[in-house]
Amino acid sequence: MPSETPLAPGDRRAGDPAKIHDIGYRSYDGDRLGRRHARRSLFAHSLRGAYGLGRSAKSKVLPMLLFGVMCLPAGIMVAIAVVTKAGELPVEYPRYALHLQGVISLFLAAQAPQAVSRDLRFRTVPLYFSRPIERADYVSAKFAALSAALFVLTAAPVVVLYAGALLAELDVADQSAGFGQGLVSAALLSLLFAGIGLVIAALTPRRGFGVAAVIAVLTVSFGAVSAVQAIAFEQDNGGLVTWLGLFSPVTLIDGVQTAFLGASTSFPGGKGPDTAAGCVYLLVVLALIAGSYAALMRRYRKAGL
Amino acid sequence: MYNTTVARLTLRALLGRRRALILFALPGLLLLVSAVVRGLVGADDTIAADVLGGFALATMVPLIGVIAGTGAIGPEIDDGSIVHLLSKPVKRPVIVFTKLVVALGVTVLFAAVPTLVAGFVLNGNSGRIAVACAAGAAVASVAYSALFLLLGTVTRHAVVIGLVYALVWESLIGSLVPGARTLSIQQWGLSLAQRIGGGDLLTSEVRIVPAVVLLCVVTAAATWFAGLRLGSLTLADEG
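Protein chains in written order, with this note's numbering: chain A, 1009 to 1313; chain B, 895 to 1133.
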C-alpha cells in the first residue's frame, strides 16, 4: 500500500502557519513479499532456532549435543553390523526413537519453550501480528517448525541405520520397508510431541517453568503408565496392559507402530494392541495432534494483546 | 538467617498462578497411581516398594526439586528483578538461606508428604515402607533443593541442566554404570529409606554413613557456594 506522500510546503493555503515539512523519509518501494513469505520465514527462523543456528554459540551446545547423542548409538550399531556381518540390524527402525525417548524429551523440553515462551515474555507476539500474517500462520509455522526439528532429530538416526544396512549388504527390499516404517513413525512422533510441547510451553512465559512442565508431562506420564502396566501384567490382566498405553505419548506411539508399522512392542509381555485396538491408538494420536493445534489457536486468540 | 519478607515473595513466586498446577498435579498423579495399584493387587509390600522407589523417589522428588529449587531464584535472576532484592539491606547469604528454606519446604510438602500418603494407600505402612520412603524423599529433597538452587544462581539454563542430572545421570547412567550410583542423591535418600525400612525391599548402592555425610556435604557446600555466587552476581543479558 502506498504511504501518504508528504505535502510540499506550497500546497497549503497562504497564511496558514501549519506546515508539514518534507524531512526526507522515503516510502518503501521494493517487493512486498506477502503473507506466504512471512509464514515461510517464520518457519525457517524457528526451525533454525531449534538447533541454535543464528543464535549464540551457547545456544547451539545443547541441541547439537542431543543430536549427536541421538545419532551415536545408530552409528555404533551400524559399525557392529558391518564388522560382524550380522544378518540384520540389532534394532527395528521404528523402535529406535523410543529407545532414546529421554533424549527426545529433553530436546523438546529445551526447544519448545524457546520457540514460543520468549515471544510471549517479551511481548513480541503483537509485533508478528502487525505483519501480514494471521494467527493461523503463526501457529502453523511454529508447529511445523518444531515438528520438523523433531523429525530431523528422530529421522537422522534412522537414515544412518538404513545407510549402514545397505553398506552391510542386507536385503534391500526388507530394509527399505523397515526404513519407510521408521520414517512414518518418526513423523507421527514428531507431530505428537511437538503439539504437546508447544501447548504446554505456550501456557507459560517463563522459559524454565515450561521446560520442567514439558519434561514432567512426558516422563511422569510414561513412568506412571509403565509402572501400572507392569503390575497389571503380573496380575495377568493383559487387556488392561493394552488400554493403559493410551495414557502417555510414548506408549501411544509404541502402540501405533506395533499395530501398523511392524514393530515389536515394549509393553510388558508383548501385550501390544492388535489392529482394532491400534485403530483406537491411531485415532487418539491424530485427535491429540489436532487438539493441540486447536488449543494453540485458542491460546493465541488474545496472547499478548 | 531468615527473612520473612523474602520467604513470602519466594513462596508467591513458586506457587503463584499456574505454577502451582504442576506442583499439585505430580503428587495427585502419584496418589492416583497408588490407588489404582491398590485396587488392582491389594496390599503388597514388594509392589509398594517398587512404586514408591521407582516412581516417587526416582521421578517425582527430583522433578519437584528442580521446579522448586530453580524456581525459587532462577526467574528473578532471569528477568533482572533480583536487583530490587539485592539492593535492600539484607545479607545475600540470608537471601540464599531463606530461599533454600522455602524451596525445601515446598519440596517436602509436595514430594515427601504425598509419598507418605501414597505409602499408606498402597499397603498401610506395612513393613514401614511408607515411613521409610517418605524419610528418604525428605532428605533427598534437602539436597536437591540446595543443589538446584545453586544451579539457579550459576546458569540461566538451570532447569535443563537440573533435568539432565536427574534424568540422564541418576536414571539412565545410574542404571547402566554402577559407579555412577554413588554420586546420586536418589541413592543417598534410598540408603536412609533402607535403614529405616530394615527389610530387603528397598535397597541402595550406598551405605548409610557415607550417604548421610555426602548429603550434608552437598547441601552445605551448595548453599555456601550459592551465597558466594549471589554475592558476585552480574546480571547477564538475554542471549
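The beta-carbon is built from N, C-alpha and C at its ideal position, and this holds for glycine as well. These numbers come from a predicted model, not from an experiment.
N- and C-terminal bounds of the alpha helix (DSSP H) containing residue i
i: B:TRP1118; result: 1102-1125
i: B:ILE971; result: 968-973
i: A:HIS1053; result: 1042-1058
i: A:HIS1107; result: 1103-1107
i: A:TRP1251; result: 1246-1252
i: A:LEU1176; result: Looking at the sequence shown, residue 1176 of chain A is not Leu but Ala. Note, A:ALA1176: premise wrong, no alpha helix (DSSP H); not H, not E.
i: B:HIS978; result: 976-980
i: A:LYS1068; result: 1065-1092
i: A:TYR1289; result: 1283-1307
i: B:PHE1004; result: B:PHE1004 -> no alpha helix (DSSP H), and no H or E assigned at all.
i: B:ARG906; result: 898-909
i: A:GLN1265; result: 1257-1268
i: B:LEU934; result: 913-935
i: B:ALA1037; result: 1023-1048
i: B:GLY959; result: 955-965
Alpha-carbon spacing of residue i relative to residue j, whole angstroms
i: A:GLU1012; j: A:ASP1024; result: Note on A:GLU1012: pLDDT 49, under 50, position unreliable in the model; the coordinate value appears next. Approximately 21 Å between the Cα atoms of the pair.
i: A:GLY1062; j: A:ARG1056; result: 7 Å
i: A:VAL1293; j: B:ARG1123; result: 46 Å
i: A:LEU1180; j: A:ILE1223; result: The residue you asked about is not Leu; residue 1180 of chain A is Val in the sequence shown. Taking the straight line from one Cα to the other gives about 38 Å.
i: B:SER1085; j: B:THR953; result: 17 Å
i: B:VAL1025; j: B:LEU1010; result: 6 Å
i: A:LEU1313; j: A:PHE1255; result: Bear in mind that a pLDDT of 49 at A:LEU1313, under 50, signals an unreliable position, so the number given afterwards is only what the model happens to contain. Distance between the alpha carbons of A:LEU1313 and A:PHE1255 is about 35 Å.
i: A:ARG1020; j: A:GLY1032; result: Interpretation of A:ARG1020 is limited by its pLDDT of 49, a score under 50 that renders its predicted location unreliable; the figure taken from the coordinates is listed afterwards. So the alpha carbons of these two residues sit roughly 19 Å apart.
i: A:VAL1207; j: A:LEU1304; result: 6 Å
i: B:GLY867; j: B:LEU1044; result: Only positions 895 to 1133 of chain B appear in this structure, which leaves residue 867 of chain B out of reach.
i: B:GLY1018; j: B:GLY963; result: 31 Å
i: B:SER1069; j: B:TRP1118; result: 31 Å
i: B:GLY1133; j: A:LYS1066; result: Residue placement at B:GLY1133 cannot be trusted, given a pLDDT of 41 that sits under 50; the coordinates are not used to answer.
i: B:GLN1088; j: A:MET1085; result: 39 Å
i: B:ILE1055; j: A:ARG1040; result: 44 Å
i: B:SER1126; j: B:TYR1038; result: 23 Å
i: A:LEU1199; j: A:LEU1128; result: 22 Å
i: A:GLY1280; j: A:VAL1099; result: 18 Å
i: A:LEU1197; j: A:LEU1178; result: 27 Å
i: B:VAL1048; j: A:TYR1059; result: 23 Å
i: A:GLY1018; j: B:SER981; result: Low per-residue confidence applies at A:GLY1018: pLDDT is 49, beneath 50, and the placement is therefore not dependable, though the value from the model is reported in the following sentence. In a straight line, the C-alpha of A:GLY1018 is about 58 Å away from that of B:SER981.
i: A:MET1009; j: A:GLY1203; result: With a pLDDT of only 44 at A:MET1009, under 50, the local geometry of the prediction cannot be trusted, and the value read off the model is given with reservation. Using only the alpha carbons, I get a separation of about 36 Å.
i: B:VAL996; j: B:ALA966; result: 8 Å
i: A:LEU1296; j: B:ALA1006; result: 33 Å
i: B:LEU998; j: B:ALA1031; result: 11 Å
i: B:THR899; j: B:HIS978; result: 13 Å
i: B:ALA1115; j: A:LEU1074; result: 30 Å
i: A:SER1148; j: A:LEU1135; result: 17 Å
i: B:LEU917; j: B:THR1001; result: 9 Å
i: A:ALA1298; j: A:SER1274; result: 26 Å
Nearest to residue i (by Cα), restricted to the options the options
i: B:PRO1008; options: B:VAL990, B:ALA1052, B:ILE1055 and B:LEU946; result: B:LEU946
i: B:ILE976; options: B:LYS993, B:VAL1036, B:VAL960 and B:ALA962; result: B:LYS993
i: A:ARG1139; options: A:LEU1108, A:LEU1128, A:SER1049 and A:GLU1100; result: A:SER1049
i: B:ILE1023; options: B:ASP944, B:ALA966, B:VAL930 and B:ILE1079; result: B:ASP944
i: B:VAL984; options: B:ALA1028, B:ALA1029 and B:MET895; result: B:MET895
i: B:LEU1079; options: B:VAL1000, B:GLY1046, B:VAL1033 and B:ILE989; result: Position check: residue 1079 of chain B holds Ile in this sequence, whereas Leu was assumed. Comparing Cα positions, the closest option is B:VAL1033.
i: A:PHE1151; options: A:ALA1271, A:GLY1042 and A:ALA1052; result: A:ALA1052
i: A:TYR1170; options: A:VAL1160, A:GLY1253, A:ALA1194 and A:LEU1097; result: A:LEU1097
i: A:ALA1176; options: A:THR1273, A:GLY1270 and A:LYS1093; result: A:LYS1093
i: A:LEU1252; options: A:ALA1271, A:SER1113, A:PRO1276 and A:SER1272; result: A:PRO1276
i: A:TYR1301; options: A:SER1155, A:PHE1159 and A:LEU1161; result: A:SER1155
i: A:ARG1307; options: A:ALA1210, A:ASP1282 and A:ARG1131; result: A:ALA1210
i: B:VAL1036; options: B:GLY1083, B:LEU905, B:THR940 and B:ARG906; result: B:GLY1083
i: A:CYS1287; options: A:LYS1310, A:ARG1309, A:GLY1278 and A:THR1250; result: A:THR1250
i: B:PHE1014; options: B:VAL1100, B:VAL931, B:PHE918 and B:LEU903; result: B:VAL931
i: A:VAL1111; options: B:VAL1058, B:LEU1041 and B:LEU951; result: B:VAL1058
i: B:LEU924; options: A:THR1283, A:LEU1290, A:GLY1231 and A:MET1078; result: A:GLY1231
i: A:ASP1182; options: A:VAL1228, A:VAL1090, A:CYS1079 and A:GLY1270; result: A:GLY1270
i: B:LEU1003; options: B:VAL1106, B:ALA914, B:LEU1041 and B:ALA1120; result: B:ALA914
query: Does the segment 1063-1073 of chain B come within contact of the segment 1106-1124 of chain B, defined as at least 3 CB pairs closer than 8 Å?
result: no
task: Evaluate contact between the segment 964-973 of chain B and the segment 925-945 of chain B, counting only Cβ atoms and requiring at least three cross-stretch pairs below 8 Å.
output: no
task: Determine contact between the segment 1259-1267 of chain A and the segment 1160-1172 of chain A, defined as no fewer than three beta-carbon pairs at a distance below 8 Å.
output: no
message: Taking 8 Å as the cut-off, does the segment 1092-1099 of chain B touch the segment 954-966 of chain B (at least 3 CB pairs, one atom from each stretch)?
response: no
query: Are at least three pairs of beta-carbons, each pair with one atom in the segment 1141-1148 of chain A and one in the segment 1235-1250 of chain A, less than 8 Å apart?
result: no
query: Using 8 Å as the threshold, is the segment 1098-1107 of chain A in touch with the segment 1181-1197 of chain A, meaning 3 or more CB pairs across them?
result: yes
Contact the segment 1212-1220 of chain A vs the segment 1114-1130 of chain A: 3+ CB pairs below 8 Å: yes
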